[in-house]
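Going by the numbering used here, the sequence shown opens with residue -6, and the numbers climb by one from there.
The beta-carbon is built from N, C-alpha and C at its ideal position, and this holds for glycine as well.
Values in this document were obtained by computation on a predicted structure and should not be read as measured data.
Written out below as structure tokens is the structure these notes cover.
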Amino acid sequence: LLSGTRDSADRGLDRYVDELRLAGGNVSADELPAARWLELGRQWIEKGDLRLALRAFYLASLSHLADQGSFTIAPFKSNREYVQELRRKVHGVPDLLSAFSQNVALIERIWYGRDEVTAETVSSFNSNQERIMAHAEAR
């Protein structure tokens, strides 16, 4: 029974992988909680797909910050609009804005610009991610 449940969960993960690949990333961060996006990111790292891993980690940031009330997720918003909304809401927390802005720049170069993802890129992204999560939790 437990293995059947896990197999079903794996198929659900594969559905998100396929959706991200086939739809060019046309998913919304609020489709899953931040913890689930982080889990997906770790699984994609294990599978060797660092690009999808970073995308999942970025969606985790969006999901988490939205849950904290830092901004509202909407399909028409650009990454730049999330940065602007975050700037308005947390103007007294420059480290949070800096970490998020740096990760937006990284994800745009990787996801849209097709830059290569290296271990250094993942490390930098994760460092910023930790800062984002820590500041959001402290609010």
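Here R48 is near I103, since their CB atoms are less than 9 Å apart. With fewer than 16 other Cβ atoms inside 10 Å of its own Cβ, N19 counts as exposed. In this structure, F118 is the residue among G85, F118, K40 and S54 with its C-alpha nearest to the C-alpha of Q95. With contacts defined by Cβ atoms closer than 9 Å, L58 and Y75 form a contacting pair.
Its chain contains N121, R124 and I125 as the residues whose beta carbon lies nearer than 6 Å to that of A92, once the 5 sequence neighbours on both sides are disregarded; these appear in chain order. Between the alpha carbons of V83 and S63 lies a gap of roughly 7 Å. Out of L79, A67, V115 and G34, the CA that lies nearest to the CA of F50 is found in G34. In terms of Cα proximity to G85, the closest of V97, H128 and K70 is H128. Under the DSSP assignment, L52 falls in the alpha helix (DSSP H) whose first and last residues are L43 to D60. Secondary structure of R80 (DSSP, three-state): helix.
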